[in-house]
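From first to last, the protein sequence lines stand for chains U and Y. Letter by letter, the first sequence follows residues 56 to 345 of this note's numbering. Letter by letter, the second sequence follows residues 9 to 674 of this note's numbering.
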Amino acid sequence: MKVGYYPGCSLTGTGKEYDMSLRKVVSVLETELQEIKDWNCCGATSAHATSHLLAVALPARNLLLAKKQNLNEIVAPCAACYNRMVVSAHELETHPELEKQVTELLGESAKSNAEVINIIDFFRKIGKEKITANVKKEMKGIKAACYYGCLLVRPFDITQFDDAEQPTSMEEIIKATGAETVDWNFKTECCGGAHSIAHMEIVVDLSKKIIDNAKLHGADVIVVACPMCHSNLDMRQRAIKKEFPQHEEMPILYLSEFLGLAFGLKAKDLGLNLHMIDTKSLLEKAVAKG
Amino acid sequence: MKIGVFICYCGENIGRTVDCAAVAKAAGEFPGVVCAVDYKYMCSDPGQNLIKNAIKEHKLDAVVVGSCSPHMHEKTFRKACSDSGLNPFLCDIANLREHCSWVHEDIPTATAKAIDLIRISVERVKRNVPLAPIMVPVTKKALVIGGGISGIQASLDIANAGFDVVLVEKQPSIGGHMSQLSETFPTLDCSQCILTPRMVEVYQHPKIKLMTYSEVENVEGFIGNFKVTIRKKARKIDETKCTGCGLCMQKCPIKKKAFNEFEESLAYRPAIYVPFPQAVPNIPVIDTSVCTYYQTGKCQMCVKVCGREAIKFDQEDSLVTEDVGAIIVATGYKLYTIDKKPDNSAIKGYGEYGYGKYKDVVDGLQFERIASASGPTSGEILRPSDNTVPKKIVFIQCVGSRDESKGFSYCSKICCMYTAKHAMLYKHKVHDGEAYVFYMDIRAGGKGYDEFVRRAIEEDHVKYIRGRVSRIYQENGKYIVKGEDTLAGMPITIDADMVVLATAMIAQPDSAKLAQKIGISYDKYGFYNEVHPKLRPVEVSTAGVFLAGACQAPKDIPESVAMASAAASKSLVLFGSDYLEREPTVAKVNDSTCAGCFYCQKVCAYNAIERKEIKDRQGNIVKIIAYVNSGLCQGCGTCNAVCPSKSVELIGFNDEQIYAQINALG
Numbered sequence: 056m057k058v059g060y061y062p063g064c065s066l067t068g069t070g071k072e073y074d075m076s077l078r079k080v081v082s083v084l085e086t087e088l089q090e091i092k093d094w095n096c097c098g099a100t101s102a103h104a105t106s107h108l109l110a111v112a113l114p115a116r117n118l119l120l121a122k123k124q125n126l127n128e129i130v131a132p133c134a135a136c137y138n139r140m141v142v143s144a145h146e147l148e149t150h151p152e153l154e155k156q157v158t159e160l161l162g163e164s165a166k167s168n169a170e171v172i173n174i175i176d177f178f179r180k181i182g183k184e185k186i187t188a189n190v191k192k193e194m195k196g197i198k199a200a201c202y203y204g205c206l207l208v209r210p211f212d213i214t215q216f217d218d219a220e221q222p223t224s225m226e227e228i229i230k231a232t233g234a235e236t237v238d239w240n241f242k243t244e245c246c247g248g249a250h251s252i253a254h255m256e257i258v259v260d261l262s263k264k265i266i267d268n269a270k271l272h273g274a275d276v277i278v279v280a281c282p283m284c285h286s287n288l289d290m291r292q293r294a295i296k297k298e299f300p301q302h303e304e305m306p307i308l309y310l311s312e313f314l315g316l317a318f319g320l321k322a323k324d325l326g327l328n329l330h331m332i333d334t335k336s337l338l339e340k341a342v343a344k345g
Numbered sequence: 009m010k011i012g013v014f015i016c017y018c019g020e021n022i023g024r025t026v027d028c029a030a031v032a033k034a035a036g037e038f039p040g041v042v043c044a045v046d047y048k049y050m051c052s053d054p055g056q057n058l059i060k061n062a063i064k065e066h067k068l069d070a071v072v073v074g075s076c077s078p079h080m081h082e083k084t085f086r087k088a089c090s091d092s093g094l095n096p097f098l099c100d101i102a103n104l105r106e107h108c109s110w111v112h113e114d115i116p117t118a119t120a121k122a123i124d125l126i127r128i129s130v131e132r133v134k135r136n137v138p139l140a141p142i143m144v145p146v147t148k149k150a151l152v153i154g155g156g157i158s159g160i161q162a163s164l165d166i167a168n169a170g171f172d173v174v175l176v177e178k179q180p181s182i183g184g185h186m187s188q189l190s191e192t193f194p195t196l197d198c199s200q201c202i203l204t205p206r207m208v209e210v211y212q213h214p215k216i217k218l219m220t221y222s223e224v225e226n227v228e229g230f231i232g233n234f235k236v237t238i239r240k241k242a243r244k245i246d247e248t249k250c251t252g253c254g255l256c257m258q259k260c261p262i263k264k265k266a267f268n269e270f271e272e273s274l275a276y277r278p279a280i281y282v283p284f285p286q287a288v289p290n291i292p293v294i295d296t297s298v299c300t301y302y303q304t305g306k307c308q309m310c311v312k313v314c315g316r317e318a319i320k321f322d323q324e325d326s327l328v329t330e331d332v333g334a335i336i337v338a339t340g341y342k343l344y345t346i347d348k349k350p351d352n353s354a355i356k357g358y359g360e361y362g363y364g365k366y367k368d369v370v371d372g373l374q375f376e377r378i379a380s381a382s383g384p385t386s387g388e389i390l391r392p393s394d395n396t397v398p399k400k401i402v403f404i405q406c407v408g409s410r411d412e413s414k415g416f417s418y419c420s421k422i423c424c425m426y427t428a429k430h431a432m433l434y435k436h437k438v439h440d441g442e443a444y445v446f447y448m449d450i451r452a453g454g455k456g457y458d459e460f461v462r463r464a465i466e467e468d469h470v471k472y473i474r475g476r477v478s479r480i481y482q483e484n485g486k487y488i489v490k491g492e493d494t495l496a497g498m499p500i501t502i503d504a505d506m507v508v509l510a511t512a513m514i515a516q517p518d519s520a521k522l523a524q525k526i527g528i529s530y531d532k533y534g535f536y537n538e539v540h541p542k543l544r545p546v547e548v549s550t551a552g553v554f555l556a557g558a559c560q561a562p563k564d565i566p567e568s569v570a571m572a573s574a575a576a577s578k579s580l581v582l583f584g585s586d587y588l589e590r591e592p593t594v595a596k597v598n599d600s601t602c603a604g605c606f607y608c609q610k611v612c613a614y615n616a617i618e619r620k621e622i623k624d625r626q627g628n629i630v631k632i633i634a635y636v637n638s639g640l641c642q643g644c645g646t647c648n649a650v651c652p653s654k655s656v657e658l659i660g661f662n663d664e665q666i667y668a669q670i671n672a673l674g
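As structure tokens, this is what we get:
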């Protein structure tokens with residue numbers, strides 16, 4: 056299987072381990088990622104905060120490139136990139152005037168039938184059976200809290216995610232590895248997002264609440280599907296600890312890292328050494344299958 | 009043939025643009041016209057006398073009146089004709105006002121057109137035949153569907169006027185949702201205390217035939233003459249033998265298998281049960297889906313203890329037919345549920361409130377049971393999960409209503425009031441408790457209603473917060489309610505012990521099915537449509553069918569009762585005469601040319617086309633043809649237009665008449 060791949064900026068920078076682990080895991084699952092050549096920034100928060108046209112046109116250019124490179128399916132692992140791409144495709148489809156403006160900017164129409172998928176749908180499409188078949192480590196004792204954040208699930212009319220308030224699709228993938236999932240309250244709660252830069256105290260407060268709730272429900276690890284969530288939950292734990300010295304560290308793993316771990320891939324290849332919070336506790340729990 | 013033509017000036021309405029004298033003069037020249045006169049106000053008494061005298065003087069065979077629209081005065085002029093012994097259907101109206109003077113300015117043009125209109129009317133009336141109104145007998149008995157407060161009120165009103173009523177209720181007891189309520193706003197009188205005497209009155213009334221645990225299976229016929237088939241579901245009890253002693257219910261070994269519907273699943277009931285102790289009739293039913301005998305063939309405990317031998321395991325459903333003249337639909341409502349539903353459901357549920365997984369997040373009716381003296385907690389406010397007194401309680405209004413994304417954009421109307429009542433009842437019972445209400449707007453229109461809400465706020469110190477709740481989750485035994493106080497402009501978090509959702513009233517899930525059986529139109533939510541929202545609020549498009557209560561839209565008890573009495577009085581108007589007079593201008597099928605294609609049946613909006621068998625002398629069926637039920641036919645003419653063999657005639661508007669009118673213009 057060959058799938059178009061849009062890494063976006065995070066997966067080449069702060070979320071490098073997301074890219075590393077995804078590529079490794081995908082090769083185990085006999086799938087090939089074909090990166091969109093000459094891709095550009097998705098616009099993220101900055102674009103749609105300043106210009107609607109720009110916010111639609113930037114992802115549209117990537118969609119156009121994908122179309123030209125004959126990619127019918129594009130996986131965007133970053134939740135923000137995914138959100139911008141599906142919203143852009145939706146806008147082009149439903150607003151002919153805007154589509155005309157974007158076409159003028161790009162030189163040709165970016166409208167295409169290509170499907171933009173997020174990381175959870177990507178693994179769902181590969182199938183739980185295939186994931187289970189490749190599990191090499193005993194994950195049974197591990198309790199994972201699946202954290203979706205906001206950008207995957209909303210706006211619901213466009214993303215059509217399984218449920219905007221009580222999603223369960225990531226749990227299904229985690230359970231396919233043999234690990235357990237916890238029923239907790241903050242699956243879609245806000246992590247603070249981009250406030251991490253200008254108002255770190257907001258992120259410290261929100262991230263602490265999320266981690267505490269996962270802990271309260273017995274989680275050993277929080278599994279995420281968004282580099283922004285990861286940086287807030289992982290990186291800001293030091294700031295949390297500064298303010299709340301009794302704070303106990305909680306490892307934060309990308310979904311691809313978690314699968315890689317279950318597949319018996321090396322921690323270093325998955326980029327687990329690049330985390331701010333030590334993942335050793337988790338590595339110790341996952342032992343090779345007898 | 010002698011025809012009289014009468015031209016009205018309608019004051020200046022026609023006279024201003026039409027030269028009425030010239031029209032009368034021209035009409036006098038038409039073949040067959042023996043007298044043509046004009047007058048200022050033809051509808052006035054002297055004007056009518058002009059017509060009456062002319063009929064006698066000239067021995068007229070037909071009359072044409074050139075005046076306003078037939079909608080306005082056709083009846084007046086036809087009456088004048090029949091007063092002078094002329095068949096009213098030999099009087100034709102040419103509309104010189106709406107169709108001529110009001111829409112033209114140029115006098116000569118308008119006058120010429122008026123002359124044409126009279127000419128075609130004269131040609132038409134020459135071909136009119138005397139007609140007699142169709143007399144339809146009226147069965148003076150009403151069917152009331154639904155035994156809640158609306159159905160009870162309507163039944164009692166009709167029965168007390170001396171007419172028979174058949175009251176059909178699908179549950180084992182009448183009483184409806186009102187019997188579940190604790191106390192009622194705005195007076196806080198006990199619901200059961202005011203309702204149960206009426207339930208008993210229904211049961212004992214000699215004019216009311218009560219059929220509980222029964223459903224309407226089929227409705228045929230038309231106003232005054234409905235034939236209704238009712239399915240009497242098998243109670244598995246011989247109603248004539250049962251005394252309602254209740255021993256069978258006590259001894260039934262099924263204790264925790266079936267949720268008690270009356271207690272809104274806050275308690276269990278046995279397999280053989282009456283919904284509640286004050287049930288009418290006080291005769292149990294057996295729930296065969298949980299009864300041990302029906303599952304395994306063993307047990308029969310109820311049979312052993314019943315001294316009256318009233319248990320009948322082999323009892324089957326039976327069908328009963330009733331002839332009635334009027335139908336009152338009072339099927340009530342259901343409550344929205346926050347549970348997760350299939351994707352195609354209109355109910356979207358509330359994931360943010362846990363999709364119904366939290367035991368202490370209850371809906372409006374559940375709280376009614378908790379607050380009720382006859383409820384599972386005997387009226388003590390206890391939370392369902394652990395039977396402790398909630399010290400902090402949150403009420404959330406507009407759950408499921410006023411939100412398109414939750415499937416329902418209408419206001420459920422009663423929730424502001426019932427939430428204020430709930431909060432008040434709570435404060436009256438838990439004096440040191442804290443009660444919060446999240447609201448969008450307070451809609452307390454009604455006598456004594458706003459005062460009631462103010463009382464909750466000012467006297468009982470219920471804390472009203474304007475804003476929505478975004479999430480409820482459980483943490484350390486508390487329900488964390490996160491919302492927004494839009495007046496303070498701040499997020500707010502309350503760690504509550506219990507949450508009560510003011511879930512919206514929605515239509516009964518099978519409302520569309522019943523509507524199709526009877527011929528009632530309904531809105532996209534499944535509520536039944538009245539003919540006119542202001543002037544005909546209890547009638548539906550099918551004549552002889554009336555609406556009462558919340559099946560039409562969310563409404564409270566006073567409104568439901570008022571509507572029920574209105575529906576009853578509409579039925580009584582119908583029962584006031586032995587026959588209904590109907591216009592004879594209906595469709596008629598020519599038996600000899602009809603080929604029985606039944607295309608007419610497909611297009612008829614009133615279900616007036618039936619099948620008729622044509623038999624030879626030996627009784628063998630020769631062919632099956634269409635037949636128009638003149639009781640149902642509204643004379644719209646659609647069947648006439650589509651009939652490929654021209655076998656349908658619209659009486660009073662037949663082809664000969666129409667062609668004569670067209671030819672008159674040529």
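Where a beta carbon is used, it is the ideal one built from N, C-alpha and C, also for glycine.
Residues of chain Y with a Cβ closer than 7 Å to the Cβ of Ala219 (chain U) are, in chain order, Gly359. Three or more Cβ pairs drawn from the stretch 91-111 of chain Y and the stretch 19-26 of chain Y lie within less than 8 Å of each other, which places the two stretches in contact. At least 8 Å separates the beta-carbon of Met513 (chain Y) from that of Pro545 (chain Y).
The Cβ-Cβ distance between Ala32 (chain Y) and Val45 (chain Y) falls below 8 Å. Of all residues in the stretch 351-378 of chain Y, the ones placed with a Cβ closer than 7 Å to any Cβ belonging to chain U are Gly359, Glu360, Tyr363, in chain order. Taking CB atoms only, Tyr481 (chain Y) has a neighbour in chain U less than 8 Å away. Judged by DSSP in its simplified three-state form, Lys92 (chain U) adopts coil rather than helix or strand.
For the stretch 271-296 of chain U, the beta-carbon criterion of a distance under 8 Å to any beta-carbon of chain Y is satisfied by Leu271.
Between Glu269 (chain Y) and the set Y:Ile216, Y:Cys198, Y:Gly184, Y:Gly333, the nearest pair of CA atoms involves Y:Gly184.
Chain Y has a Cβ within less than 8 Å of the Cβ of Asn240 (chain U). Residue ranges of uninterrupted beta strand (DSSP E) with 3 or more members, entirely inside the stretch 408-480 of chain Y and ordered along the chain, are 442-447, 471-474. Remark: C-beta atoms of Val489 (chain Y) and Val397 (chain Y) do not approach each other more closely than 8 Å.
Distance from the CA atom of Gly408 (chain Y) to the CA atom of Gly415 (chain Y), rounded to whole angstroms, is 7 Å. Closest in C-alpha terms to Ala334 (chain Y), from the list Y:Ser163, Y:Cys299, Y:Arg206, comes Y:Ser163.
One thing to note: Ile265 (chain U) has its Cβ no nearer than 8 Å to the Cβ of Glu304 (chain U). In this chain, Arg291 (chain U) is not harboured by any beta strand (DSSP E), its DSSP state being neither H nor E. When the five nearest sequence neighbours on each side are left out, the beta carbons in the same chain lying within less than 7 Å of the beta carbon of Phe321 (chain Y) are those of Lys244, Tyr301, in order along the chain. Of the other Cβ atoms in all chains shown, 16 or more fall within 10 Å of the Cβ of Pro114 (chain U); this residue is therefore buried. Burial check for Leu327 (chain Y): the Cβ neighbour count within 10 Å stays below 16, so the residue is exposed. Closest in C-alpha terms to Ser519 (chain Y), from the list Y:Leu58, Y:Tyr341, Y:His79, Y:Thr147, comes Y:Tyr341. Rounded to the nearest whole angstrom, the CA to CA distance from Leu203 (chain Y) to Gly362 (chain Y) is 35 Å. Taking 8 Å as the upper bound for CB-CB distance, Met75 (chain U) and Gly319 (chain U) are not in contact here, some 16 Å apart.
Distance from the CA of Tyr530 (chain Y) to the CA of Pro261 (chain Y), rounded to the nearest whole angstrom, comes to 44 Å.
Under the DSSP assignment, Arg127 (chain Y) falls outside any beta strand (DSSP E), being part of the alpha helix (DSSP H) whose first and last residues are 115-134. Taking all protein chains shown into account, Ser420 (chain Y) has 16 or more neighbouring C-beta atoms within 10 Å of its C-beta and is therefore buried. Contact between Thr236 (chain U) and Ala199 (chain U) holds: CB atoms are separated by about 5 Å, below the 8 Å threshold.
The beta carbon of Tyr49 (chain Y) sits closer than 8 Å to the beta carbons of Cys16, Tyr17, Cys18, Gly19, Gly55 from its chain, once the five residues preceding and following it are set aside; these are given in chain order.
Here the alpha carbon of Asn168 (chain U) sits roughly 40 Å from the alpha carbon of Ile197 (chain U). Secondary structure note for Val176 (chain Y): it is in no alpha helix (DSSP H), and the uninterrupted beta strand (DSSP E) holding it is 172-176.
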